[in-house]
Structures are given as structure tokens and as C-alpha cells.
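Following: one structure in C-alpha cells, then a few remarks.
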Amino acid sequence: MKSRISELAVGIFVILFGIALFFLAMKVSGLAGTNLRDSYEMSAQFDNVNGLKPRAKVTMSGVTIGRVTDITLDPVSRLAKVDFELDGKLTGFNPEQLKTVQQNAIEELRYSSEYAAAAPAQQKAMEQQLISNMKSITSIDEDAYIMVATNGLLGEKYLKVVPGGGLNYVKRGETIANTQGTMDLEDLISKFITGGAGKSSESSTTETAEANNAQTSFVE
Amino acid sequence: MNAIAWLGRLVIERVRGIGVATLMLLQIIFSLPTWLGVKLFICQMYRVGVMSLLIITVSGLFIGLVLGLQGYSILVNVGSEAMLGTMVALTLLRELAPVVAALLFAGRAGSALTAEIGLMKATEQLSSMEMIGVDPLKRIVSPRLWAGIVSLPMLTVIFGAVGILGGKLVGVDFLGVDEGSFWSGMQSSVQFGHDVVNGIIKSIVFALICTWTAVYQGYACEPTSEGIATSTTRTVVFSSLCVLGFDFVLTAVMFGGV
Chain A
358 MKSRISELAV GIFVILFGIA LFFLAMKVSG LAGTNLRDSY EMSAQFDNVN GLKPRAKVTM
418 SGVTIGRVTD ITLDPVSRLA KVDFELDGKL TGFNPEQLKT VQQNAIEELR YSSEYAAAAP
478 AQQKAMEQQL ISNMKSITSI DEDAYIMVAT NGLLGEKYLK VVPGGGLNYV KRGETIANTQ
538 GTMDLEDLIS KFITGGAGKS SESSTTETAE ANNAQTSFVE
Chain B
20 MNAIAWLGRL VIERVRGIGV ATLMLLQIIF SLPTWLGVKL FICQMYRVGV MSLLIITVSG
80 LFIGLVLGLQ GYSILVNVGS EAMLGTMVAL TLLRELAPVV AALLFAGRAG SALTAEIGLM
140 KATEQLSSME MIGVDPLKRI VSPRLWAGIV SLPMLTVIFG AVGILGGKLV GVDFLGVDEG
200 SFWSGMQSSV QFGHDVVNGI IKSIVFALIC TWTAVYQGYA CEPTSEGIAT STTRTVVFSS
260 LCVLGFDFVL TAVMFGGV
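Residue numbers (my numbering), protein chains in the order written: chain A, 358 to 577; chain B, 20 to 277.
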């Protein structure tokens with residue numbers, strides 16, 4: 358009889374432990390929130406990722422869509438390469454939405470001069486190619502850019518995807534070309550103090566891969 | 020000359036003690052489990068783990084309450100009382116839960132183990148067991164050691180959970196910190212793999228230290244009433260010091276880098 362009671366008590370003890378562990382996992386660490394469904398890797402190169410840490414969140418319009426997995430330095434370009442994984446459910450289209458997107462893309466194609474100049478057979482081929490190109494696309498368009506943002510004035514750094522208005526979409530596993538690194542408050546202040554506010558502050562926030570900007574500054 | 024000899028003897032005795040204790044530990048860890056062993060283990064789990072539950076929960080609750088109170092009164096000065104949840108959770112999970120639970124465990128269960136085994140030795144129960152062909156290491160020491168190693172990590176997890184609830188009780192329910200920011204701040208800063216799991220690893224190490232010290236001190240004590248008293252004191256002192264020392268080492272390894 359005594360052994361039965363002690364067995365029962367040990368059983369309750371184990372259950373209590375289980376509840377406590379579950380509580381720590383779910384409620385305290387928020388483990389449920391970090392499990393990305395249907396996740397895939399993407400990467401981007403930044404000129405400055407000061408303050409960004411692995412496991413920092415990636416957001417789009419304020420919704421967390423992924424986590425930073427790795428930050429490395431590319432020895433050739435000397436830029437910081439950030440790998441992050443994104444939630445496929447949040448950043449992908451469902452079949453119906455995909456159809457609309459494809460429709461839009463084909464319509465866009467039909468207005469292009471190349472399409473008009475091509476023979477009907479070629480037109481068919483171009484459409485086919487367009488559709489096949491749109492497999493495994495994400496909802497991030499090619500004009501979107503990704504930046505290292507700060508949560509509040511003193512908060513932690515995270516990645517922010519700002520969608521653009523493009524009709525072409527980035528595929529899974531590709532890199533996002535348009536980036537903007539950390540904006541160092543000290544740099545801005547020192548530039549402000551030394552007086553070169555107009556020109557040099559602009560160069561500090563230049564988006565590393567934005568070809569247009571680079572060209573215009575060349576012309577000047 | 021005598022002093023030097025005394026020093027040498029002291030060192031030899033210490034090293035021999037560590038050697039005997041290690042052999043005992045290895046013998047226990049690498050012995051095959053038996054059905055009787057499992058039954059004895061459950062019985063010891065009840066005495067070592069379940070009976071420590073009350074002291075662990077109550078002290079966890081009060082430590083959580085105090086953390087909530089102190090943290091609030093400090094953080095409210097800087098206007099960042101939303102960080103209260105983060106502070107309470109990280110302090111508890113990383114440090115306080117493993118260490119305080121281990122110290123309490125050493126006092127509550129470790130001393131009892133030493134005294135029990137020591138008295139068995141003093142009344143020659145252990146030798147008579149050997150006489151009738153029962154291995155006292157298997158029958159007496161092994162279930163107690165395993166029960167300690169298994170139950171302290173469980174107690175630590177319960178301690179941490181209760182402590183966080185205590186911090187929430189004071190911070191959110193009494194002092195009026197926003198509940199949403201309390202939990203979300205906690206969730207964004209606590210990483211399961213990093214904080215919770217490392218806390219559990221710590222407490223497994225502490226459990227090994229505490230129960231190992233306790234059973235060895237009991238097994239190797241002088242079979243007199245004074246010897247039992249010394250061994251029991253030693254158990255508490257040694258395991259407390261080892262826990263605090265190893266805590267520093269483990270913290271340096273786990274959280275020191277990066």
C-alpha cells in the first residue's frame with residue numbers, strides 16, 4: 358500500500374515537471390512562435406550590420422516572417438552576408454493568388470515591345486517561360502528592399518523587408534539585392550557636427566546595390 | 020619534518036577519497052538496471068524528490084515575488100518596467116533556479132541521504148548485507164544516487180516556473196505592469212535552447228555533485244555518532260561550495276562567450 362502511494366506521488370511529481378517544462382517552453386520562451394512552417398533560406402548582403410544578431414526577427418509590415426540564421430563576412434566584397442529563413446506560409450502565395458499573379462505578369466508581358474515584335478510561336482514560348490519562372494516564388498517582389506531596422510530608439514536590431522511595387526518576384530533561396538545597412542547614430546551625429554550634413558549623410562545611407570542611385574551620383 | 024609528512028598524508032587521503040568516490044560512481048552508473056532497482060528508485064524518488072517539492076515550490080514562489088518587487092522598483096526609475104518579465108525570467112532560468120534549488124536540495128535531501136547511509140554503516144547494516152550476498156552499492160547507494168540525479172533537474176524546472184509565476188503575480192497583478200509586455204518581452208528574449216536547456220544542464224551537473232557527495236560521505240563516514248555528524252556537515256558544506264564554484268565555471272562556458 359505504501360509503495361502504491363509513493364508511486365502515485367512520483368507520478369504526480371513527473372506530471373508537475375512536465376507542466377512546468379511545457380510552461381517554460383511555450384509561455385516563457387515562446388517556442389511555438391519561432392517554429393516556422395515550410396521554411397526556406399534566403400540571404401542578403403549589407404554594408405553594415407552593426408548590432409544585428411543571429412535569431413533576430415525578420416519582419417514585413419510589422420509581421421514577423423522569419424529569423425536571422427547566420428551572419429558572415431564575404432572576403433571578396435567585404436560586405437556582411439546575412440542568411441535568414443522565412444516562413445513559407447506567410448511569404449508565399451496560395452494557388453489562387455498565384456494564378457492572379459501569373460495573370461498580371463502575362464498581361465504585363467503582352468504590353469512589352471519584345472512580345473509585340475515576336476512571332477506567335479515565340480510569344481507562346483515566352484509565356485511558357487514566364488509561367489515556369491514563377492514556380493517557387495515568394496511574395497517579396499524584386500523592388501522590395503531589406504534594411505537593418507531598430508526596435509524603438511534603443512531597442513534591438515532586426516531585419517525589415519519593405520515591399521516595393523514590382524510585378525516580378527524573388528524566388529526561394531535567392532538573394533535580395535536591395536539592402537540598407539545599420540544607420541549608425543554616431544555617424545549621423547558626427548556628420549551633423551562636422552557640417553557635411555548635405556552630401557555625406559546621403560552617401561552613408563546609400564543603398565548598397567541600388568544601381569540607379571550609384572549612376573546618378575556618378576553623373577554629378 | 021612532521022608537518023611535511025602531515026601535508027603529504029592529507030593530500031594522499033584527499034586523492035584516495037576522490038578515487039574511491041569516482042570508482043563508486045562508475046560502478047553505479049555502469050551497472051545494469053534491474054526490476055528491483057527500478058522499484059527502489061521510485062521509492063527513493065518519492066523520498067528525495069517529492070518530499071522536497073514543498074520547500075522548492077515555496078522558496079521558488081517567494082524568490083519570484085521578491086524578484087518582481089525589486090525589479091519593478093529599480094526598473095520603474097528608468098521607465099522600463101516592461102522589461103520586468105525579461106529580467107525575472109532570465110535571472111531565474113539562468114542562475115537562481117539551478118543554484119538555489121541545488122543549495123536547498125543539498126540541505127534538504129543530501130544531508131538526509133548522508134545521515135541515513137552513515138547510520139546504516141554505523142549499525143553495521145551495510146556489512147551484514149554484504150555478508151548475506153547483497154551488494155549495498157546496488158541496493159542502497161545506487162537508487163538514491165539516481166533518484167537525486169533525476170529529481171533535482173525536475174525540481175529546478177518547477178522552481179523556475181513557479182518563480183516566474185510569482186514574479187508575474189507581483190509585477191502584473193499587484194504593481195500593474197502591462198501583462199502583454201510582460202509576457203512578450205519575456206518571449207522575445209528567452210531562448211529555449213539557450214536559456215532553459217542550459218539551466219537544466221546546469222542543474223543536472225549540480226544534481227550529480229550534490230547526491231554524489233551525499234552518498235559518498237555517508238558511505239565513507241566513520242561509523243560513530245560523531246562521524247555521522249561530521250559527514251552530514253561536510254555533505255552540506257562541500258556540495259554548497261562545489262555548486263557555487265561549478266556555477267561560475269558553467270556560466271563562463273555557457274554564457275560567457277559570444
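Just so you know, even glycine gets a beta-carbon here, dropped at the ideal spot from N, CA and C.
Measuring alpha carbon to alpha carbon, tell me which of ALA233(B), ASN217(B) and LEU55(B) ends up nearest ALA116(B). ASN217(B)
Next item on the list: Identify every residue that forms a DSSP beta bridge with ALA476(A).
Entry: According to DSSP, ALA476(A) bridges with nothing at all.
query = Among ASP404(A), LYS456(A) and LEU455(A), which one has its Cα closest to the Cα of VAL433(A)?
reply = ASP404(A)
| query | So which residues of chain A does TYR65(B) contact, with C-beta pairs closer than 7 Å? | reply | Within 7 Å Cβ-Cβ: SER363, ALA366 and VAL367.
C-beta contact flag for THR251(B) and THR142(B) at 8 Å: no
Handout entry: Per-residue contacts from PHE374(A) into chain B (C-beta, under 7 Å)
Key = Correct list: MET173, VAL176 and ILE177.
Measure the alpha-carbon distance for GLN486(A) versus VAL209(B) and round it to whole angstroms. Rounded to whole angstroms, the separation of the alpha carbons of VAL209(B) and GLN486(A) is 47 Å.
* Cβ-based burial, TYR235(B) [other Cβ within 10 Å; buried from 16] -> When all chains shown are included, TYR235(B) counts as buried.
* Asked: Comparing the C-beta of VAL385(A) with each C-beta of chain B, is any distance below 8 Å?
  -> yes
task = Flag this pair as yes or no: are the beta carbons of VAL224(B) and LEU378(A) separated by less than 8 Å?
result = no
Contact list for ALA382(A) against chain B, beta-carbon separation under 8 Å:
Residues of chain B with a Cβ closer than 8 Å to the Cβ of ALA382(A) are, in chain order, PHE211 and VAL215.
Worksheet item: Whole-angstrom Cβ separation of GLY90(B) and VAL107(B), contact assumed at under 8 Å?
Response: At roughly 6 Å, the Cβ-Cβ gap stays under 8 Å, so GLY90(B) and VAL107(B) are in contact.
Margin query: 8 Å is my cut-off, CB to CB: does LEU378(A) come that close to chain B?
Written below: Yes, its Cβ sits closer than 8 Å to a Cβ of chain B.
Three-state class that DSSP yields for VAL196(B) in the structure shown:
If DSSP states are grouped into helix, strand and coil, VAL196(B) belongs with coil.
Assuming LEU72(B) and ILE183(B) are in contact, meaning their beta carbons sit under 8 Å apart, how far apart are those beta carbons, in whole angstroms? Wrong, their Cβ atoms sit about 17 Å apart, outside the cutoff.
What residues in the segment 177-203 of chain B have a beta carbon less than 9 Å from any beta carbon of chain A? Correct list: ILE177, PHE178, GLY179, ALA180, VAL181, ILE183, LEU184, TRP202 and SER203.
- Task: Just confirm the distance between the C-beta atoms of TRP165(B) and PHE49(B), as a whole number of angstroms; I'd bet it's less than 8 Å.
- Result: Not really, about 13 Å apart at Cβ, beyond 8 Å.
Residue span of the alpha helix (DSSP H) that contains ILE168(B), given as start and end: 161-187
Note to self: Please confirm whether SER547(A) has its beta-carbon closer than 8 Å to some beta-carbon of chain B.
What the structure shows: Chain B, which has no Cβ nearer than 8 Å to the Cβ of SER547(A), makes this no.
Suppose contacts are defined by Cβ-Cβ distances below 8 Å. Is THR426(A) in contact with ASP440(A) by that definition? Yes, these two residues count as a Cβ contact at 8 Å.
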